[in-house]
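If you use mature numbering (1 follows the signal peptide of the UniProt record, and there is no 0), the sequence shown corresponds to residues -24 to -1, 1 to 267, in order. Ideal Cβ placement from N, Cα and C applies to all residues, glycine included. In what follows, a structure is listed as structure tokens, so that the remarks can point back to it.
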Amino acid sequence: MRNAMFAFCTSLALAAGSLSSTNAAQLPAIAPTATATAPAIHIQPSTIGPGDVLLVTGKQAGSVVVMNKTYSLQKSGDQFVRFIPIPIDAKPATYSIVTADKKAKAVFTIQKKAFAQDSITVSKQMEGMQQNTKRIEADQKRINKARSQSAAVPYFTDKFQMPVQGRLSTPYGYQRVVNGKISSRHLAIDIANKEGTPVAASQNGKVVLAEYLYLTGYTVMIDHGLNVFSSYGHMSKLDVKAGQIVKKGQVIGKVGTTGFSTGPHLHYAMLIGNTFINPNPFFQANPFDWK
Ligand SMILES: [Zn+2]
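Structure below.
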């Protein structure tokens, strides 16, 4: 499993000449020019949009600097990796990523991406919910605690699946306008379907939160390892408990409209640590194979 998962990283190790002769014999030869230019860090994908995620892989412990922020690589198996969230307001340009010791460098490009507006009208009572900062802050503490730890070894070895069938009613990144006022950005995807439709875990993982929250109603959060989390909101019912290990596709709850919601739908979010990111690349390919 691990070999398949880190297929790319194995080739990186080969280029660096650190594989045992037994393993090397089973792998195709790499041209000498490739060996000479083998980078000590690798980024995938090399072209992304604001709100997307980079996977950085290195063969040594250490940290990397991306957009003025320092991230230490996490040991995972025989590699050092880190998922890095790119802010949704990042300026489109080509950026460098360098190791803290400045010995290795790689580049990536953030492409321009337009995010549309989405206007919704809610009752005065619902609008008032957003002002209850005491409840919201209390929930946030519980959420932060749930996401304060993540498995060092990923639970996943393939791409993620859509947690529920239905109509994509609000994509990731939409600028929300609530009752004519600019509200927060929608950093999740909304999938509308009938109340009671089963909701599945998008990937293997460990449930770190399964409870009623003020804004997102019945909510489940799953740790997939390496700081990758998924979150499922507004459900009518929970089918799992915190601490439980779940498999990709396992039913964790039912579609509902609990919390700050105008109709039955699943609010599905993905995070790297505490940063909400675009879930779509996780559905398209195994993150370890992102091109
Ligand atoms: Zn939503």
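- Within the same chain, Cβ atoms closer than 7 Å to the Cβ of V154 are found at I96, V98 and E103, the five residues on either side in sequence being excluded.
- Taking the CA atoms as reference points, K117 sits about 18 Å from M105.
- F258: not part of any beta strand (DSSP E); member of the alpha helix (DSSP H) spanning N256 to Q260, first to last residue.
- Contact between R152 and S159 is confirmed by a C-beta separation of about 4 Å, below the 8 Å threshold.
- The segment 131 to 141 makes no contact with the segment 63 to 82: fewer than 3 CB pairs, one atom from each, lie closer than 8 Å.
- Burial state of Y188 is exposed, judged by a 10 Å Cβ sphere holding fewer than 16 other Cβ atoms.
- Between G53 and P139, the alpha-carbon positions lie close to 28 Å from each other.
- In the structure shown, T33 falls within a strand segment according to DSSP collapsed to helix, strand and coil.
- The closest heavy atom of ligand 1 lies less than 7 Å from the beta carbon of D166.
- The residue among S22, V216 and I17 with its C-alpha nearest the C-alpha of Y47 is I17.
- Going by DSSP, I112 is part of the alpha helix (DSSP H) stretching over T109 to A122.
- The beta carbon of A92 is closer than 7 Å to those of Y150 in its chain, skipping five residues each way along the sequence.
- Per DSSP, the continuous alpha helix (DSSP H) segment holding E103 begins and ends at K100 to M105.
- F56 and V40 have their C-alpha atoms spaced approximately 11 Å apart.
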